[in-house]
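If you want our numbering, it's the position in the sequence shown, counting the first as 1, plus 438.
Glycine included, C-beta positions come from ideal geometry on N, C-alpha and C.
No experiment lies behind these values; they were computed from the predicted model shown.
Heads up: the structure comes next, in structure tokens.
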Amino acid sequence: MTERVIALVDAGRRKPIPAALAPAAGAARDTLGRPLRDLRISVTDRCNFRCTYCMPREVFGKDYDFLAHDQLLSFEEIARLAKIFAAQGIEKIRLTGGEPLLRRNIERLIEMLAAITLPDGRPIELTLTTNGSLLARKARALRDAGLARVTVSLDALDDATFMAMNDADFPVAKVLEGIDAAAAAGLAPVKVNMVVKRGVNEHSILPMARHFRRGGQVLRFIEFMDVGATNGWCMDDVIPSGEIVRMIGAEMPLDPVDPNYIGEVAERWRYRDGSGEIGVISSVTQAFCRSCTRARISTEGMLYTCLFATSGYDFRALLREGKSDEQIRAAIGAVWSARDDRYSEIRTAATARERKIEMSYIGG
Ligand code: SAM
Ligand code: SF4
Ligand code: SF4
Numbered sequence: 439m440t441e442r443v444i445a446l447v448d449a450g451r452r453k454p455i456p457a458a459l460a461p462a463a464g465a466a467r468d469t470l471g472r473p474l475r476d477l478r479i480s481v482t483d484r485c486n487f488r489c490t491y492c493m494p495r496e497v498f499g500k501d502y503d504f505l506a507h508d509q510l511l512s513f514e515e516i517a518r519l520a521k522i523f524a525a526q527g528i529e530k531i532r533l534t535g536g537e538p539l540l541r542r543n544i545e546r547l548i549e550m551l552a553a554i555t556l557p558d559g560r561p562i563e564l565t566l567t568t569n570g571s572l573l574a575r576k577a578r579a580l581r582d583a584g585l586a587r588v589t590v591s592l593d594a595l596d597d598a599t600f601m602a603m604n605d606a607d608f609p610v611a612k613v614l615e616g617i618d619a620a621a622a623a624g625l626a627p628v629k630v631n632m633v634v635k636r637g638v639n640e641h642s643i644l645p646m647a648r649h650f651r652r653g654g655q656v657l658r659f660i661e662f663m664d665v666g667a668t669n670g671w672c673m674d675d676v677i678p679s680g681e682i683v684r685m686i687g688a689e690m691p692l693d694p695v696d697p698n699y700i701g702e703v704a705e706r707w708r709y710r711d712g713s714g715e716i717g718v719i720s721s722v723t724q725a726f727c728r729s730c731t732r733a734r735i736s737t738e739g740m741l742y743t744c745l746f747a748t749s750g751y752d753f754r755a756l757l758r759e760g761k762s763d764e765q766i767r768a769a770i771g772a773v774w775s776a777r778d779d780r781y782s783e784i785r786t787a788a789t790a791r792e793r794k795i796e797m798s799y800i801g802g
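Structure below.
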């Protein structure tokens, strides 16, 4: 058996919550002046895929200890935390995992979260990232429960490449069915995320661009990242987004587009002939830490202020110790006010080898 790589609840990986530095109410700013705007919530650490860049089968095999049910935040705990975060300034929630559609009765959680309103009365924006495997079956129910949009991950259009990457023999056609079902259910515009790894799926860049340009989905290319500690990342495997834009632009001319909002992570490009757009997420070659407004809650209720964190803050303990909403809100404000993360700006070969939290645990 492979040694268990992640010490999920080991006390050394918890940070004490700092004493409140900011007033409890109102939107906190971190030490680099960034507000807290987005919350990603991981609802399960399990997945039916074993993408080689995320949950390599050698590590996440039969003997891997996934979280037990009582370690997960309950739907009530998630909804309570989300409401407190909304009072603290977040405007968007993205559900993720692991594979979020594997969490039983996820529609019920979506209903609970969709009911949250922001201090100015607007509804919260609720989205979800999925591998698409269960989407054809669930899209309508997700929409009915109040989900606004989905992002579907798909790394290639040919089964040989896709199956080599998902390592679960899962065919492309089923994911495409899920994408169609999501669009038909009104979970639109559907975004499609493609992680690009040199020597693995770079030959899929142009076929993917051509396919989704016709289909009207927004395809986003993600640079292979050194998240976690198990995916054997090295810089040689990264195809810089600039290279991808040049490759696509040579066949289908592209023009840059202004971001939709400050802090948008994808750099947008529009096809010059008006047939839609693509995005590139250049976490490795063009760090966007300066505008990073995201916090992440893990499946068991740890709060992380960076995707590349090595430790987090135990908010499940606060919930289960009976702390009041006001106390939890002050704790969020204190954590955010002390935040100084900018991992992608300071990444080196050495930091890439640190024992960071896994993507499947913290959520992408
Ligand atoms: N299972 C769902 C899925 O695959 O969409 C949600 C969770 S997954 C961790 C979220 C996103 O992270 C996916 O789009 C996935 O491709 C991306 N991802 C995972 N590992 C990555 C890595 N090493 N580099 C870049 N993106 C990665
Ligand atoms: Fe599962 Fe998503 Fe990770 Fe792939 S990227 S292993 S689908 S959690
Ligand atoms: Fe945000 Fe951390 Fe990514 Fe920088 S490295 S953009 S701080 S999550």
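- Chain order is used for the residues whose beta-carbon lies nearer than 7 Å to a heavy atom of ligand 2, namely 485, 487, 488, 489, 492, 493, 535, 536, 537, 569, 591, 604, 797, 798, 802.
- Just measuring C-alpha positions, the residue of 735, 664, 634 sitting nearest residue 520 is 735.
- Residue pairing for residue 733: DSSP places it in a beta bridge opposite 477.
- Bounds of the alpha helix (DSSP H) holding residue 613 are 610-622.
- 8 Å or more divides the Cβ of residue 699 from the Cβ of residue 744.
- Judged by DSSP secondary structure, residue 700 falls outside any alpha helix (DSSP H); it is assigned neither H nor E.
- For residue 639, the shortest C-beta to heavy atom distance toward ligand 1 is 7 Å or greater.
- The bridge partners DSSP lists for residue 591 are 631.
- Where residue 601 is concerned, the enclosing alpha helix (DSSP H) starts and stops at 597-604.
- According to the DSSP secondary-structure assignment, residue 657 is paired through a beta bridge with 630, 716.
- Boundaries of the beta strand (DSSP E) harbouring residue 532: 530-534, taken from the DSSP string.
- Note that the C-beta distance between residue 677 and residue 634 is below 8 Å.
- Annotated as distal: residue 571 and residue 737, with beta-carbon spacing of 8 Å or more.
- Shown here, residue 707 sits in a strand according to DSSP, grouped into three states.
- With 7 Å as the limit, the residues whose C-beta approaches a heavy atom of ligand 3 more closely than that are 721, 725, 726, 727, 730, 732, 744, 745, 746, 779, 780, 781, 782, 783, in chain order.
- Taking 8 Å as the upper bound for CB-CB distance, residue 562 and residue 529 are in contact here, some 7 Å apart.
- By the neighbour-count criterion, in which a residue is buried when 16 or more other Cβ atoms sit within 10 angstroms of its Cβ, residue 762 is exposed.
- DSSP, read as helix, strand or coil, puts residue 773 in helix.
- Contact between residue 689 and residue 644 holds, with the beta-carbon distance rounding to 6 Å and staying under 8 Å.
- Relative to the non-hydrogen atoms of ligand 1, the Cβ of residue 662 comes within a distance shorter than 7 Å of at least one.
- For residue 491, there is no enclosing alpha helix (DSSP H), as DSSP gives it neither H nor E.
- Less than 8 Å divides the Cβ of residue 722 from the Cβ of residue 663.
- An exposed status is given to residue 760, since fewer than 16 other beta-carbon atoms sit within 10 Å of its beta-carbon.
- For the pair residue 665 and residue 797, the CB atoms are nearer than the 8 Å cut-off.
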